[in-house]
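Worksheet: one structure, shown below.
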Amino acid sequence: MAGSVIVQQVSKRFTRYERERPHTMKERMIQGFRPTRILGHTLALQDVTVEAKAGRMLGIVGQNGSGKSTLLRIVGGVMKPDVGSVTTTGRLSGLLELNTGMHPELTGRENILIGGVVAGLTRQQVLKRFDEIVAFSELEKFIDSPVRTYSTGMKMRLGFAVAINTEPDVLLIDEVLSVGDMAFQAKCLDRIRRVRDNGCAVILITHDLVQVEKLCQEALWLDGGRVVAHGTPTVLVGQYRSEMARKTREVTPPDVPEAVASSGRTLRINENRFGSLELQISEVRTESPPGINVEEITSGAPLRVRFAYKGKSSLVPVISISIGRADGTQLLDVNTRADGVVVPQTGAGQTVQIDLDRIDLAPGDYFVNVGLFQPGWEHAYDYHWAAYPLRIIDERHPPGALSPPRKWAVYDNVGGVQDGVRAQSERNG
Amino acid sequence: MLSTSKFTRLLHWKDVIFLLVMRDFKARYKHTRIGMVWSVASPVLFLLIFYFLFTKVINLQIPQYATYVFVGILAWNWMQTALLQAVATISGNAGLVNQPGFPLASLPVIAVASAFLNFLIALPLMLILAWAEGSHLSTTLLCVPIVMMIQFVFILGIAYIVAGLNVAFRDVEQALPILLQLGYYLTPVFFSVAAVPQRFLPVFQANPMTTLIDAYRQVIMYGQWPAWPNLGAVLAVSAALLLAGFFYFQHARYRFLEEL
Numbered sequence: 001m002a003g004s005v006i007v008q009q010v011s012k013r014f015t016r017y018e019r020e021r022p023h024t025m026k027e028r029m030i031q032g033f034r035p036t037r038i039l040g041h042t043l044a045l046q047d048v049t050v051e052a053k054a055g056r057m058l059g060i061v062g063q064n065g066s067g068k069s070t071l072l073r074i075v076g077g078v079m080k081p082d083v084g085s086v087t088t089t090g091r092l093s094g095l096l097e098l099n100t101g102m103h104p105e106l107t108g109r110e111n112i113l114i115g116g117v118v119a120g121l122t123r124q125q126v127l128k129r130f131d132e133i134v135a136f137s138e139l140e141k142f143i144d145s146p147v148r149t150y151s152t153g154m155k156m157r158l159g160f161a162v163a164i165n166t167e168p169d170v171l172l173i174d175e176v177l178s179v180g181d182m183a184f185q186a187k188c189l190d191r192i193r194r195v196r197d198n199g200c201a202v203i204l205i206t207h208d209l210v211q212v213e214k215l216c217q218e219a220l221w222l223d224g225g226r227v228v229a230h231g232t233p234t235v236l237v238g239q240y241r242s243e244m245a246r247k248t249r250e251v252t253p254p255d256v257p258e259a260v261a262s263s264g265r266t267l268r269i270n271e272n273r274f275g276s277l278e279l280q281i282s283e284v285r286t287e288s289p290p291g292i293n294v295e296e297i298t299s300g301a302p303l304r305v306r307f308a309y310k311g312k313s314s315l316v317p318v319i320s321i322s323i324g325r326a327d328g329t330q331l332l333d334v335n336t337r338a339d340g341v342v343v344p345q346t347g348a349g350q351t352v353q354i355d356l357d358r359i360d361l362a363p364g365d366y367f368v369n370v371g372l373f374q375p376g377w378e379h380a381y382d383y384h385w386a387a388y389p390l391r392i393i394d395e396r397h398p399p400g401a402l403s404p405p406r407k408w409a410v411y412d413n414v415g416g417v418q419d420g421v422r423a424q425s426e427r428n429g
Numbered sequence: 430m431l432s433t434s435k436f437t438r439l440l441h442w443k444d445v446i447f448l449l450v451m452r453d454f455k456a457r458y459k460h461t462r463i464g465m466v467w468s469v470a471s472p473v474l475f476l477l478i479f480y481f482l483f484t485k486v487i488n489l490q491i492p493q494y495a496t497y498v499f500v501g502i503l504a505w506n507w508m509q510t511a512l513l514q515a516v517a518t519i520s521g522n523a524g525l526v527n528q529p530g531f532p533l534a535s536l537p538v539i540a541v542a543s544a545f546l547n548f549l550i551a552l553p554l555m556l557i558l559a560w561a562e563g564s565h566l567s568t569t570l571l572c573v574p575i576v577m578m579i580q581f582v583f584i585l586g587i588a589y590i591v592a593g594l595n596v597a598f599r600d601v602e603q604a605l606p607i608l609l610q611l612g613y614y615l616t617p618v619f620f621s622v623a624a625v626p627q628r629f630l631p632v633f634q635a636n637p638m639t640t641l642i643d644a645y646r647q648v649i650m651y652g653q654w655p656a657w658p659n660l661g662a663v664l665a666v667s668a669a670l671l672l673a674g675f676f677y678f679q680h681a682r683y684r685f686l687e688e689l
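If you read the sequences in order, they're chains A and B. Just so we're aligned, residue 1 is where the first sequence starts under our numbering, counting upward by one. Just so we're aligned, residue 430 is where the second sequence starts under our numbering, counting upward by one.
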């Protein structure tokens with residue numbers, strides 16, 4: 001296994017039509033029979049040159065519509081470039097849309113065969129890998145039941161197991177890693193790493209910048225079909241993040257009156273509040289125990305963060321909650337996308353609540369930050385930063401960042417554990 | 430795109446076609462009580478209606494009418510079922526269009542082959558019917574596979590074209606059932622071209638389905654060898670359609686993803 005992809009000066013142009021094209025006779029009758037006019041063209045990719053090498057993973061970042069998927073399609077051979085060339089060596093496989101071609105009425109066994117040939121293997125090749133696929137999916141017990149009886153997670157596991165076990169030389173991955181349970185996700189990532197280390201060239205499209213930093217050896221940043229930057233993931237992700245922050249300032253409306261946060265602090269735009277304010281956060285509460293609003297907790301206590309938001313009803317934000325210091329260090333940074341939480345359309349307004357079972361931070365002054373982001377992380381809708389203070393107290397004041405519950409034991413070298421306890425101290429937050 | 434040999438690619442096509450035809454077949458009758466009997470039920474019901482109408486209500490005076498009309502129904506149904514499935518091949522399978530390594534052009538073949546299975550299942554019944562109505566089944570039956578092959582090529586050529594056209598004009602999907610229904614009445618499925626007035630005759634004779642259905646009747650019912658020149662002409666036209674259709678399909682397939 002040693003694949004590679006060389007993309008040379010690829011450009012691709014799409015045709016834009018006047019409106020949604022009528023797709024049925026009825027729509028056409030309603031709109032009249034005049035032909036749909038061509039509005040113009042969109043350059044989906046402009047002069048893109050990049051290489052995916054054997055044994056390396058290339059991460060592609062960019063906003064929605066930046067040309068990432070188009071590039072992946074061209075590399076996958078399902079679309080042809082207008083200009084430029086793509087040279088692929090080795091067998092190519094895609095983790096793009098899972099379960100394509102599978103049928104819910106058929107059994108897992110039958111669907112593995114179908115999924116395998118749809119992914120480009122011959123029947124013989126699928127049969128050779130069959131046991132491995134079943135083992136990877138962890139569906140041994142259900143393999144002869146119809147896929148219709150599977151849960152969403154099980155279906156995903158089946159689809160992923162088929163796709164990853166095709167032993168590709170070139171693997172294309174489009175965002176599929178953001179679904180499924182954490183344990184299986186970790187297993188998939190591990191498998192992808194192994195495939196890569198065996199000499200497969202991997203191209204990964206993702207919105208998860210941490211994934212790019214952790215998994216990729218190279219990164220490409222696309223914007224409007226052009227390459228903005230191409231290089232080391234850590235450097236590129238840093239640039240990408242600061243560009244996002246700049247975009248957020250750009251879309252932030254001017255002349256927003258100051259607001260008073262529930263903590264009593266004043267929210268000032270571009271100071272401790274950022275975003276387009278298409279959605280607005282209010283009534284942020286930090287509760288411990290649940291129901292009682294506090295600004296001070298003991299280390300190890302539970303914390304509930306709760307807030308409401310409303311605004312443009314059609315938006316579906318990514319909700320982020322973090323705990324950090326005034327200097328910007330984040331100690332906890334979680335969001336609904338990474339945790340696989342389904343967020344409904346905003347509608348008339350929503351209330352968010354997250355329960356953190358224990359806050360095992362070292363004592364000190366922290367802030368709880370809450371934010372609503374555009375699903376592609378392009379900009380913030382509303383982000384309250386350093387507006388909700390949280391003081392953590394602990395009578396022992398250990399330095400460092402963490403203060404988890406702990407047990408000490410110091411044993412005699414000779415006596416062993418049973419009788420040699422000379423000193424022990426226990427603390428349970 | 431795949432660095433596999435031509436042979437492996439051919440093998441892959443075969444596996445894709447075989448497995449997806451089986452998928453469609455299994456899935457179609459999964460929860461039915463009588464399973465594949467359904468694939469025979471529809472042509473048989475049409476047979477009964479036509480038999481009643483055109484021997485009892487209006488007598489068309491066609492000998493061995495049950496076999497005569499059953500041959501027409503089966504041959505036409507094959508085309509109709511195949512085309513109605515094939516038309517949405519590209520527009521209805523976005524997932525597969527996006528799938529690297531998947532030979533999308535195999536889907537129309539699958540549509541034609543799936544519908545052909547129905548024909549095959551009903552074939553024994555047709556032969557029994559012919560025997561019961563007194564046809565002397567002879568060695569000309571050996572030509573049945575040849576006629577089927579030519580019809581396969583003909584349907585497949587049209588299948589590629591309608592699937593390709595449906596990308597730019599979704600109307601094709603709407604118009605096709607209507608056109609097929611109209612075609613049913615302009616093809617000698619339940620009547621005979623002998624009854625068609627002389628001046629309209631060329632229109633009927635230009636219809637490849639007329640030639641194909643006539644050929645089936647000749648070799649099954651009358652023990653005659655088919656009209657080879659006519660069949661040859663249909664094959665030539667079908668092969669040309671197939672070639673043009675295939676390239677048009679590939680063109681449309683790439684265009685499908687480019688329209689915003």
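Ideal Cβ positions, reconstructed from N, Cα and C, are used throughout, including at glycine. Remember, it's a predicted structure, so these values are computed and weren't measured experimentally.
Here A/Ala380 carries a strand assignment [DSSP, helix/strand/coil]. Interface residue (Cβ-Cβ distance to chain A less than 7 angstroms): B/Phe531 is classified as such.
B/Arg684 has no beta-bridge partner at all, per DSSP.
Within the same chain, and ignoring the five residues on either side of B/Ile590 in sequence, the residues whose Cβ sits closer than 8 angstroms to its Cβ are Leu670, Ala673, Gly674, Tyr677, Phe678. Beta-carbon to beta-carbon, A/Lys68 and A/Ile205 are separated by about 5 angstroms, close enough to satisfy the 8 angstroms threshold.
Taking 7 angstroms as the cut-off between beta carbons, the residues of the segment 63-91 of chain A near chain B are Arg73, Gly76, Gly77, Val78, Met79, Lys80, Thr88, Thr89, Gly90, Arg91, in sequence order.
Segment contact: the segment 132-148 of chain A against the segment 193-212 of chain A, fewer than three CB-CB distances shorter than 8 angstroms; contact not assigned.
For the segment 115-126 of chain A, the residues whose beta carbon sits under 7 angstroms from a beta carbon of chain B are, in order, Val117, Val118, Ala119, Gly120, Thr122, Arg123. The three-state reading of DSSP puts A/Arg325 in coil, since its state is none of H, G, I, E or B. Taking C-beta atoms under 8 angstroms as the contact rule, A/His207 and A/Gly94 fail to qualify, at a distance of about 18 angstroms. The beta carbon of A/Gly55 does not come within 7 angstroms of any beta carbon belonging to chain B, so the residue lies off that interface.
Inside the segment 68-146 of chain A, DSSP marks whole alpha helix (DSSP H) runs of 4 or more residues at positions 68-76, 108-118, 123-137, from first to last along the chain. Boundaries of the beta strand (DSSP E) around A/Leu43: 38-52. Using a Cβ distance threshold of 7 angstroms, A/Ser313 and A/Val284 do not count as a contacting pair. Secondary-structure assignment with DSSP links B/Asp453 through no beta bridge to anything. For B/Met465, no alpha helix (DSSP H) encloses it, and the DSSP letter there is neither H nor E. Per the DSSP secondary-structure output, A/Gln353 pairs in a beta bridge with A/Arg306. Taking 4 residues as the minimum length, the segment 357-412 of chain A contains no alpha helix (DSSP H) run wholly inside it. Taking 7 angstroms as the cut-off, the Cβ atoms of A/Leu303 and A/Ser288 count as close. A/Ser322 places its beta carbon 7 angstroms or farther from that of A/Asp339. For A/Ala259, same chain residues with a beta-carbon under 7 angstroms away, outside a window of 5 residues either side, are Leu267 in chain order. Per DSSP, reduced to three states, the secondary structure at A/His230 is strand. Chain A places a beta carbon closer than 7 angstroms to that of B/His441, counting this residue as a contact. For B/Tyr497, the CB contacts under 6 angstroms within the same chain, skipping 5 residues up- and downstream, are Ile491 in chain order. Residue burial annotation: B/Trp507 is buried, with at least 16 other C-beta atoms found within 10 angstroms of its C-beta. By the neighbour-count criterion, in which a residue is buried when 16 or more other Cβ atoms sit within 10 angstroms of its Cβ, A/Arg241 is exposed.
A direct Cα-Cα distance of roughly 51 angstroms separates B/Leu641 from A/Gly153. A/Gly311 is bridged by DSSP to A/Leu279.
One alpha carbon belongs to B/Asp444, the other to A/Ile354, and they sit about 50 angstroms apart.
In this structure A/Ile203 is buried. Its beta-carbon is surrounded by 16 or more other beta-carbon atoms within 10 angstroms.
Annotated three-state conformation of A/Thr166 is coil, per DSSP. Note that the C-beta distance between A/Thr329 and A/Val305 is not below 7 angstroms. Beta-bridge pairing by DSSP links B/Asn595 to no other residue. Within the segment 472-488 of chain B, no residue has a Cβ lying closer than 7 angstroms to any Cβ of chain A. If you draw a 10 Å sphere on the C-beta of A/Met182, you find fewer than 16 other C-beta atoms in it, and that means exposed. A contact between stretches requires three or more CB pairs, one per stretch, nearer than 8 angstroms, and the segment 342-350 of chain A fails this requirement with the segment 399-407 of chain A.
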